[in-house]
Each structure stands twice: as C-alpha cells, then as structure tokens.
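Just so you know, the protein sequences line up as chains S and F, in that order.
With the numbering used here as the guide, the letters of the first sequence map in order to residues 49 to 158.
With the numbering used here as the guide, the letters of the second sequence map in order to residues 985 to 1103.
Have a look at the structure below before the remarks.
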Amino acid sequence: QAVVTQEPSLTVSPGGTVTLTCGSSTGDVTSGHYPYWFQQKPGQAPRTLIYDTSNKHSWTPARFSGSLLGGKAALTLSGAQPEDEAEYYCLLSYSGALWVFGGGTKLTVL
Amino acid sequence: QLQLQESGSGLVKPSQTLSLTCAVSGGSISSGGYSWSWIRQPPGKGLEWIGYISHSGNTYYNPSLKSRVTISVDRSKNQFSLKLTSVTAADTAVYYCARRDGVRGTLNWGQGTLVTVSS
C-alpha cells in the first residue's frame, strides 16, 4: 500500500511564509492524485482547505494556496496568523479506489 | 447547507461489531456525483481512510480493514452506515463521515463521534 509522507512539524513566524509538502512512495504526486489539504485544531473535526491540488473551499483564507512542487503536493501559507497553528493533513487518491492520508504536519506559529 | 451527523454506539465490546450511521441533511444522498466516506482518528494519532461508497453503489475499502468493513446506503432514510466487525482496542477512535463531490471535488466532514472498544 502507498505511503504518503509529510513533515512531522514545522515552525513559522507570524507574518511569515511556510510550505508544507506531501509526497508519495509510489513516485511523483500529480493532479491525478487529486491532492487534498485539511486543517485540524485540537478537539475539532478536520476541515477541508484545498481540494484537487489548488482549489479552495469558500471558507479557505486567501493566505493558503495549493500547488504541485518538485514531485509533491504543496500547501503554502503566506502571512501566517496565530490562528493558523494547527495540524495539517494531506490526502491522495490512487486510481480512485484507494485514498491515503499523510501522517500530518504540526504547524507552530511562533 | 449540507450537514452530516454521525451516530451510534459509543462503547463496543471486543470481538463485537461497531455500527455507525451518518445522517445527511441539506442534500439528498440519492443525488448523483457524490461519494460517501468514513474516516477515523485514534486518540492522539492521525487520520485513516476507511472506505467509501459511490453513487452507483460501488464500495472501496482500505485494504488493511477490507475483511471487516461494510459501508452501505439507506436512501429511504437519507443516511449511510458503517459496520466494522471483530473490533479490538485498536479500533478505538473518533469516526467521521464525509461527502465528496465527484464533479467539483469538494469534501465536507461531519463532526465525528468517539467509539471506544472496551469490555
């Protein structure tokens, strides 16, 4: 079964920029994996930030963006806010029949 | 506005069957183009995809759970369900239901429900 990898933890300064990545053990991540990005704060359900690589939900702040970067899916946060401190998960689809989550990235805004 | 609400037994004994239901409001489960998923999260750990059922009724399961999982739809009640057999303590988790729009790609989550496996 495919393994999806994320940075375990990252730190960003308030107002700074950080990029989280999502890689696949099977090779390059492409738009065909329909990459998703979710934000989860303690005690809350995850909420979808990005779907299909770069599309935003209506509630997704403009400072978040998704892309493909160096064979991985990427989530870039530009102008970090204290409220962005959370766990971030990516999700990849493998031929539509198998979905695999990454292990999550704990983002600290400090 | 779409709402997904999980319900079911919060405490299940080892070796028994975990059963959960996700009630759909603000939309019809019979509408085309959507798939209906279950996802879980053990306490303090990451998310795990359990499986989903497509609009056409096809089911897709996590290979590690496939032998124990069944996802089904009840169109008359506008809800879908999860059954997980032969549970152990490792199945203790918050269980989430979700809807994916196969056309737009959006994915909406329920609030989750904690299921504890213990005697």
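The C-beta atom is built at its ideal place from N, Cα and C for all residues, glycine as well.
Using beta-carbon positions only, say whether F:L1004 and F:T1100 come within less than 8 Å of one another.
-> Here residue 1004 of chain F refers to the residue found at position 20 of the second sequence. Here residue 1100 of chain F refers to the residue found at position 116 of the second sequence. Cβ distance not < 8 Å, so F:L1004 and F:T1100 don't count as in contact.
Which of the three DSSP states, helix, strand or coil, is assigned to S:R95?
-> Locating residue 95 of chain S in the first sequence gives position 47, counting from the first residue. Note: S:R95 maps to strand in three-state DSSP.
Going by CA-CA distance only, name the one from F:G1016, F:P1027 and F:L1049 that's closest to F:V1071.
-> Here residue 1071 of chain F is taken as the residue at index 87 of the second sequence, counted from 1. The shortest C-alpha to C-alpha distance from F:V1071 to any of F:G1016, F:P1027 and F:L1049 is the one to F:L1049.
Interfacial residues, the segment 49–75 of chain S to chain F, with Cβ spacing under 7 Å = Residues passing the 7 Å Cβ filter: Q49.
Reduced DSSP category for F:D1085 - H, G, I as helix; E, B as strand; rest coil | Within the second sequence, numbered from 1, the residue matching residue 1085 of chain F stands at position 101. Secondary structure of F:D1085 (DSSP, three-state): strand.
Establish whether the CB of F:G994 and some CB of chain S are separated by less than 8 Å.
-> Locating residue 994 of chain F in the second sequence gives position 10, counting from the first residue. At least 8 Å separates the CB of F:G994 from every CB of chain S.
Nearest neighbour of F:A1007, chosen from F:S991, F:R1088 and F:W1022 [CA to CA] | For this step, residue 1007 of chain F is matched to residue 23 along the second sequence. Comparing Cα-Cα distances from F:A1007 to each of F:S991, F:R1088 and F:W1022, the minimum goes to F:S991.
Can you tell me which of S:L116, S:T124 and S:S106 puts its alpha carbon nearest to the alpha carbon of S:L155?
-> The residue labelled residue 155 of chain S in the question sits at position 107 within the first sequence. Per the C-alpha coordinates, the member of S:L116, S:T124 and S:S106 positioned closest to S:L155 is S:T124.
Closest residue to F:I1023 among F:S1051, F:D1075, F:C1081 and F:S1103 (Cα-Cα distance) = One-based indexing of the second sequence puts residue 1023 of chain F at position 39. Checked all of F:S1051, F:D1075, F:C1081 and F:S1103; the closest Cα to F:I1023 is F:C1081.
Within its chain, find whatever has a CB closer than 8 Å to the CB of S:W147; leave out the 5 residues flanking it on each side and keep chain order.
-> Numbered from its first residue, the first sequence carries residue 147 of chain S at position 99. Within the same chain, S:W147 has close Cβ partners L139, L140 and S141.
Partners in chain F for S:H105, counting only beta-carbon separations shorter than 7 Å = Position 57 of the first sequence holds residue 105 of chain S. Close to S:H105, with beta-carbon spacing below 7 Å, are these residues of chain F in chain order: T1090.
Quick one: grab the DSSP three-state call for S:G118.
-> The residue given as residue 118 of chain S occupies position 70 in the first sequence. Residue state, collapsed to three classes: coil.
Pull up the distance between the alpha-carbon of F:T1001 and that of S:G127, whole angstroms please.
-> Here the question's residue 1001 of chain F lines up with position 17 in the second sequence. Here the question's residue 127 of chain S lines up with position 79 in the first sequence. Rounded to the nearest whole angstrom, the C-alpha separation of F:T1001 and S:G127 is 47 Å.
How many angstroms separate the CA atom of F:G1010 from the CA atom of S:Q54?
-> Looking up residue 1010 of chain F in the second sequence gives position 26. Looking up residue 54 of chain S in the first sequence gives position 6. One Cα belongs to F:G1010, the other to S:Q54, and the distance between them is close to 34 Å.
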